[in-house]
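Under our numbering, the residue at position 410 of the sequence shown is numbered 403, and the numbers go up by one with no gaps.
We put the beta carbon where it would ideally sit given N, CA and C, even for glycine.
In this text the structure is predicted, and so the values were computed from the model without any measurement.
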Amino acid sequence: MSNRLSVKPNDLSAFWMPFTANRQFKQAPRMLVAAKDMHYTADDGRRILDGTAGLWCVNAGHCRPRITEAIQHQAAELDYAPAFQMGHPIVFEFANRLVDMAPEGMDHVFFTNSGSESVDTALKIALAYHRAKGDGSRFRLIGRERGYHGVNFGGISVGGIVSNRKMFGTLLTGVDHLAHTHLPAKNAFTRGEPAHGADLADELERIVTLHDASTIAAVIVEPVAGSTGVLIPPKGYLKRLREICDKHGILLIFDEVITGFGRLGTPFAADYFDVVPDIMTTAKGVTNGVIPMGAVFVKKEIHDAFMAGPEHLIEFFHGYTYSGNPIASAAGIATLETYKEEGLLTRGAELGPYWEDALHSLKDAPHVIDIRNIGLVGAVELEAIPGQPTKRAFSAFLKAFEKGVLIRTTGDIIALSPPLIIEKGQIDEIVDCLRGVLNEIE
Ligand code: PXG
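Written as structure tokens, this is what we have:
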């Protein structure tokens, strides 16, 4: 194969790998050299079934011709155009198409290059919006325990993952957190939305009472928390959050970096739960993961609040060199066309019941203490080895890779989020592989 790398272990030292056990990896590298549709090819020639859509992003499957061709064409036609005080048609076209499919009222899009940048952009829009309205005392941001909002300073401040926060000083000030909604004692082995825990949204009232609503700019949550192990919101929880935000003039931000673009069987989680946020962050599936890009959707009222003052002045002092990059925009348009043509944004709803039954068939497998699912995402939680948290799930990850299936683990949780083109037989393959893995690991 022409693109196969011939690597020796000591060639791997220069690259400091992200979110990776570098020393372990470099002793026994797991290298992917090609991909097509539902499969990767490893450097030893093995085909690996992708149970995680890369990192929750390759929703239409790998190396789709329409997307590849759009990138090739755009790279040859207009490779880069300045993003500030200049434009190019394709980014406007892409923005229009995104807005067309967004939940009602989300009429504007701000482009970034990643989920982390989308989150920090959204937080800045929220703060600046209140200030533009003359309500600058609203400076507080409320996140949630176990929330993942990327790795930039805003995102880790509102995020709730201890290891992502503890090394990095004081973070943003003026941040508070809601409790997470994971209640295994009451909700274990729930299919879809759990019955217990909607009242946890009332914590927001407690936080409002403590700080006063006049100091709070926004609440940010993942509708379904992905990175911390697929935490599905209790029935009614998000509606309740929406009501409390409305009552107190607080903006609600949904971080849809994972849930956006069909993961739950609807275009966005906002559609699934019938709750429209004020700002919605996306990335990953916006370009099928192929080219880095993020998009922040904003309600008209918020956007319009910035459009005041002399017209020759910049309205929002924020943006990136690559905001709305032509090649990313072309990839994005081709991605949306692929999703539409193949009905991928609702495929999770069709396949959801099969996926659910298949995953829950692992209930009696060794070590399993919970299984949860929604749309085409799921988690199998394992009992931790006493005194050695994460070790069992990591062994499962290694063993599954050996057996030809890519899964993702976080803590002692196996997370699954396959490309939305997955077939029933491939769902069986993932589940059969996991059953074998769970029987074999300690
Ligand atoms: N918000 C959410 C909800 C995310 O899931 C980000 C923001 C940040 O996106 P970027 O593009 O900056 O990485 C994410 C990213 C995993 C995993 O397996 C999850 C993410 C990224 C990598 C791995 O848990 N989520």
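> With 16 as the cutoff for other CB atoms within 10 Å, does Phe18 come out buried or exposed?
Replying inline: One-based indexing of the sequence shown puts residue 18 at position 25. Looking at its Cβ environment, which holds fewer than 16 other Cβ atoms inside 10 Å, Phe18 is exposed.
>> Under 8 Å: do the region 152 to 166 and the region 193 to 204 share three or more Cβ pairs, one atom per stretch?
In response: no
> Going by other Cβ atoms of all chains shown within 10 Å of its Cβ, with 16 needed for buried, is Asn106 buried or exposed?
Replying inline: Residue numbering aside, residue 106 sits at position 113 when the sequence shown is read from its first letter. By the 10 Å Cβ count, Asn106 comes out buried.
> What do you reckon, is the C-beta of His311 under 7 Å from a heavy atom of ligand 1?
Replying inline: The residue you call residue 311 lines up with position 318 of the sequence shown. Not so, every heavy atom of ligand 1 lies at least 7 Å from the Cβ.
> Checking contacts by CB at 8 Å: is His123 closer than that to chain D?
Replying inline: Absent from the structure: chain D. Only one protein chain is present.
> Are Arg256 and Ala191 close, meaning C-beta to C-beta below 8 Å?
Replying inline: Here residue 256 corresponds to residue number 263 of the sequence shown, with the count starting at 1. Here residue 191 corresponds to residue number 198 of the sequence shown, with the count starting at 1. Contact flag unset, no.
> Does ligand 1 have even one heavy atom less than 7 Å from the beta-carbon of Leu369?
Replying inline: As a working note, residue 369 is residue 376 in the sequence shown. It does not: the Cβ of Leu369 is nowhere closer than 7 Å to a heavy atom of ligand 1.
>> Using C-beta distances below 8 Å, list every residue in its chain close to Ser(-5), excluding the 5 sequence neighbours before and after it, in chain order.
In response: In the sequence shown, counting from the first residue as 1, residue -5 sits at position 2. Because Ser(-5) sits at a pLDDT of 47, beneath the cut-off of 50, its placement in the model cannot be relied upon, and the following sentence gives the value as read from the coordinates. There are no such residues.
> Gln381 bridges to which residues according to DSSP?
Replying inline: As a first step, residue 381 must be located in the sequence shown, where it is residue number 388. Answer by DSSP bridge pairing, in chain order: Ile378.
>> Using the three-state DSSP reduction, which class does Gly325 fall into: helix, strand or coil?
In response: For this step, residue 325 is matched to residue 332 along the sequence shown. If DSSP states are grouped into helix, strand and coil, Gly325 belongs with the helices.
>> Quick test of the definition: if touching needs 3 or more C-beta pairs under 8 Å, does the region 333 to 348 touch the region 280 to 292?
In response: no
> Is the CB-CB distance between Thr221 and Glu249 below 8 Å?
Replying inline: One-based indexing of the sequence shown puts residue 221 at position 228. One-based indexing of the sequence shown puts residue 249 at position 256. No, the Cβ-Cβ distance between Thr221 and Glu249 is not below 8 Å.
> Can you tell which of Gly38, Arg385 and Val430 has the C-alpha that lies nearest to the C-alpha of Arg23?
Replying inline: The residue labelled residue 23 in the question sits at position 30 within the sequence shown. For Arg23, the nearest C-alpha among the options comes from Gly38.
> At which residues does the beta strand (DSSP E) containing Ile41 begin and terminate?
Replying inline: By one-based count along the sequence shown, residue 41 stands at place 48. Note, Ile41: beta strand (DSSP E), Arg40 to Asp43.
>> Helix, strand or coil, according to DSSP, for His81 in the structure here?
In response: In the sequence shown, residue 81 corresponds to position 88, counting from 1. Correct three-state label for His81: coil.
>> So, for Arg40: in the same chain, excluding its five sequence neighbours on each side, which residues have a beta-carbon less than 8 Å away from its beta-carbon?
In response: Counting from one through the sequence shown, the residue named residue 40 turns up at place 47. Around Arg40: His32, Tyr33, Thr34 and Gly397.
> According to the Cβ coordinates, are Asn318 and Ala53 closer than 8 Å?
Replying inline: Locating residue 318 in the sequence shown gives position 325, where the first residue counts as 1. Locating residue 53 in the sequence shown gives position 60, where the first residue counts as 1. No, Cβ-Cβ distance for Asn318 and Ala53 is not below 8 Å.
>> Output needed for Tyr122: all residues of its chain with C-beta closer than 6 Å, excluding positions within five of it in sequence on either side, in chain order.
In response: Stepping through the sequence shown from its first residue, residue 122 is reached at position 129. These residues qualify, in order along the chain: Ile295 and Ala298.
> With Leu413 and Arg340 assumed to form a contact (beta carbons below 8 Å), what rounded beta-carbon distance in angstroms separates them?
Replying inline: In the sequence shown, residue 413 corresponds to position 420, counting from 1. In the sequence shown, residue 340 corresponds to position 347, counting from 1. That pair is a contact at about 5 Å.
> Apart from the five residues on each side of it in sequence, which residues of its chain come closer than 6 Å, Cβ to Cβ, to Ile423?
Replying inline: Within the sequence shown, numbered from 1, the residue matching residue 423 stands at position 430. So the qualifying residues of the chain are Gly44 and Val398.
> In this structure, does DSSP put Ile149 in helix, strand or coil?
Replying inline: In the sequence shown, counting from the first residue as 1, residue 149 sits at position 156. In the structure shown, Ile149 sits in a helix (DSSP, three-state: H, G or I).
>> Using a 10 Å radius around the Cβ and a threshold of 16 neighbouring Cβ atoms, would you call Glu97 buried or exposed?
In response: The sequence position of residue 97 within the sequence shown is 104, counting from 1. Answer is exposed; the Cβ neighbour count stays below 16.
>> Among the candidates Ala342, Ile251, Ile135 and Ala377, whose CA atom is the shortest distance from the CA of Gly258?
In response: Here residue 258 corresponds to residue number 265 of the sequence shown, with the count starting at 1. Ranking the options by Cα distance to Gly258, first place goes to Ala342.
> Met273 bridges to which residues according to DSSP?
Replying inline: Mapped onto the sequence shown, residue 273 falls at position 280. Paired residue(s): Phe247 and Phe290.
>> Less than 8 Å between the beta carbons of Ser109 and Gly148, yes or no?
In response: What you label residue 109 is simply residue 116 of the sequence shown in a count that begins at 1. What you label residue 148 is simply residue 155 of the sequence shown in a count that begins at 1. For Ser109 and Gly148, yes; Cβs fall inside 8 Å.
>> Measuring straight from C-alpha to C-alpha, what distance separates Glu435 and Gly429?
In response: Stepping through the sequence shown from its first residue, residue 435 is reached at position 442. Stepping through the sequence shown from its first residue, residue 429 is reached at position 436. About 12 Å.
> Can we count Val212 as close to ligand 1, meaning its CB is less than 7 Å from some heavy atom?
Replying inline: Against the sequence shown, residue 212 aligns to sequence position 219. Incorrect: Val212 has no Cβ contact closer than 7 Å to ligand 1.
>> Just to confirm my understanding: we take His440, look at its own chain, exclude 5 residues before and 5 after, and list those with CB closer than 8 Å. What are they?
In response: For the chain, the structure presents residues -6 to 435; residue 440 sits outside this window and is missing.
>> List, from N- to C-terminal side, the alpha helix (DSSP H) runs of 4 residues or more that fit wholly inside the region 169 to 238.
In response: 177 to 180 and 196 to 204
> If we count the other Cβ atoms within 10 Å of its Cβ and call it buried at 16 or more, is Phe390 buried or exposed?
Replying inline: By 1-based counting over the sequence shown, the position of residue 390 is 397. With 16 or more other Cβ atoms within 10 Å, it is buried.
> Rounded to whole angstroms, how far is the Cβ of Ile237 from the Cβ of Ile213, which I believe are closer than 8 Å?
Replying inline: Within the sequence shown, residue 237 is the residue found at index 244, counting from 1. Within the sequence shown, residue 213 is the residue found at index 220, counting from 1. 14 Å between Cβ atoms; not a contact.
> In this structure, does DSSP put Gly371 in helix, strand or coil?
Replying inline: The count along the sequence shown starts at 1 and reaches residue 371 at position 378. If DSSP states are grouped into helix, strand and coil, Gly371 belongs with the strands.
>> Is the separation between the beta-carbon of Gly102 and that of Asn145 shorter than 8 Å?
In response: Working through the sequence shown from its first residue, we reach residue 102 at position 109. Working through the sequence shown from its first residue, we reach residue 145 at position 152. The residue asked about is misnamed: residue 102 is Val in this sequence, not Gly. Not closer than 8 Å, so no.
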